[in-house]
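Q:
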Amino acid sequence: MKVTIIDHHIIPDSNFIHRPGLKIVMGYDQDNYFENVKPYIDYDFDFVFYDENPDAMIAASIYLIDRDKPPQNNCLSRELKSPDFRKLGSAGKNNIVIFNTLRSYYSDFDRVDEVILINPHETGLQNISVSHIVYKAVKKPTALMRDLTGIAVVMDYTLEEAIEIIVEIVKSNPDLFADITERIKNITLNKYNIHDSVFGELTALFRAPSILNGAKGVETVIYQLLMNPEFSLADLLKGEGNKAIEFLQKCSAEYKKILAKEINLFESEKLIRGLTIIYTPHYQSENFIREFSNVIKDRNIDSIIMMKVPVKNNRFKYSIRRGELEIDLGEILEEMSVGGGNPFAAGCTVKNPDYFEIAFLKKVEEAGLGV
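For what it's worth, the numbering used here labels the leading residue of the sequence shown as 3, then goes sequentially.
1) Are Ile-329 and Phe-362 closer than 8 angstroms when you measure CB to CB?
2) Hey, could you find the ends of the beta strand (DSSP E) Glu-116 is sitting in?
3) State the beta-bridge partners of Gln-74 as determined by DSSP.
4) With DSSP collapsed to three states, give me the class of Ser-109.
5) Do three or more CB pairs link the region 89-98 to the region 33-49 at distances below 8 angstroms?
6) To the nearest angstrom, how far is it from the Cα of Asp-1 to the Cα of Leu-228?
7) Please state whether DSSP places Pro-283 in a helix, a strand or coil.
8) Give every residue of the same chain whose Cβ lies closer than 8 angstroms to the Cβ of Val-297, excluding the five residues on either side of it in the sequence, and list them in chain order.
9) Suppose only complete runs of 4+ residues qualify. What are the alpha helix (DSSP H) ranges in the region 300-351, listed by chain order?
10) What separation, rounded to the nearest whole angstrom, lies between the Cα atoms of Arg-387 and Arg-292?
11) Pop quiz: Glu-242 and Leu-146 are said to be a contact at Cβ under 8 angstroms. What is the actual Cβ separation, rounded to whole angstroms?
12) From which residue to which residue does the alpha helix (DSSP H) around Arg-80 run?
13) Report yes if the C-beta of Phe-318 is less than 7 angstroms from at least one heavy atom of the ligand SAH; otherwise report no.
14) Determine contact between the region 57-66 and the region 163-179, defined as no fewer than three beta-carbon pairs at a distance below 8 angstroms.
15) With a CB to CB cut of under 8 angstroms and the five nearest residues on each side skipped, what residues in its chain are close to Gly-23?
16) Just curious, the alpha helix (DSSP H) that Val-132 is in, first and last residue?
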């Protein structure tokens, strides 16, 4: 059995890269990387797994749309266990791909003959979105695939690595993106202010299904994209004439109501501790908290945003984000031995929230940012 992981998370298990049978696809620059990974993606897999995050959803959609006979697929946010691999093998599913699922690194790979890893971090490249990687590898790229990739790039804040795709989308839709055209000309477009354009509306459409309906919402989006005709961004914004568009618009309308209410509550209930803002969301879907953290971070790019949620066994889970501040959030949580992440986004679960917050704020102060 062979498993291919296409991902752009920092690998959470340092032992993973030393496991027997692992092949890491390398590249000396971004273009060379795309060329090297193409044969491993332009491949007829037997089964496709993808996480609930929008980049995984869009990457899987692009891959499946490109196949003459789309394979069986399923949304799965956990690791694959030995019984999962036995079941897959018994069904003749021996070539499996997993899109952008962080927990996949903890799978029971002892039952697997070969694991192929496609992760730009492992070859020294920047944070390239999985959708971008897949789009560059497909046999028959279409305008819809390109547009979906652009939406994923904006959601994943990987604009710098995919600026040529965004420019191509803007040039193809001048009536939709007049403001972005000016920012491109003036060299003022960045991964934050692009959300103030029509892309903000487009990204909300693709965030909403997983936020409201989890795995079922993601699977429905992919099913509708496969079963209905391709469409343009203008069609998508009009919200009619296609069942895939109608589903996305319905979810988005509900999500906008929840988001507007939460933003109002945030403004009245947030706790400000110097550059750090602490808030406990009322709508506590895990997918919502992830996206809401980014929304608030974009509105406070010179702050650290801490979302605090009570979980089981009297513990509290923190999702932490930052914009432009020069501080490594993942490194701080690792030093505190409570969690981890990357410089921009990190998380942890703790028993004593008061002690944790005091200790975290002290780390921020030690970094020279004050509390």
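Even glycine gets a Cβ: it sits at the ideal position worked out from N, Cα and C.
For clarity, every value in this text was computed on a predicted model and none was experimentally measured.
A: Well, looking at it:
1) no
2) 116-120
3) Phe-49
4) coil
5) yes
6) Nothing about residue 1 can be reported from this structure: the residues present for the chain run from 3 to 373 only.
7) coil
8) Leu-261, Ile-265
9) 331-337
10) Outside the displayed span of the chain (3 to 373) sits residue 387, for which this structure offers no information.
11) Not quite, the Cβ-Cβ distance comes to about 17 angstroms (not below 8 angstroms), so this is no contact.
12) Note, Arg-80: premise wrong, no alpha helix (DSSP H); not H, not E.
13) For the ligand SAH, the structure offers nothing, since it holds no ligand at all.
14) no
15) Phe-111, Val-114, Asp-115, Glu-116, Val-117
16) 132-137
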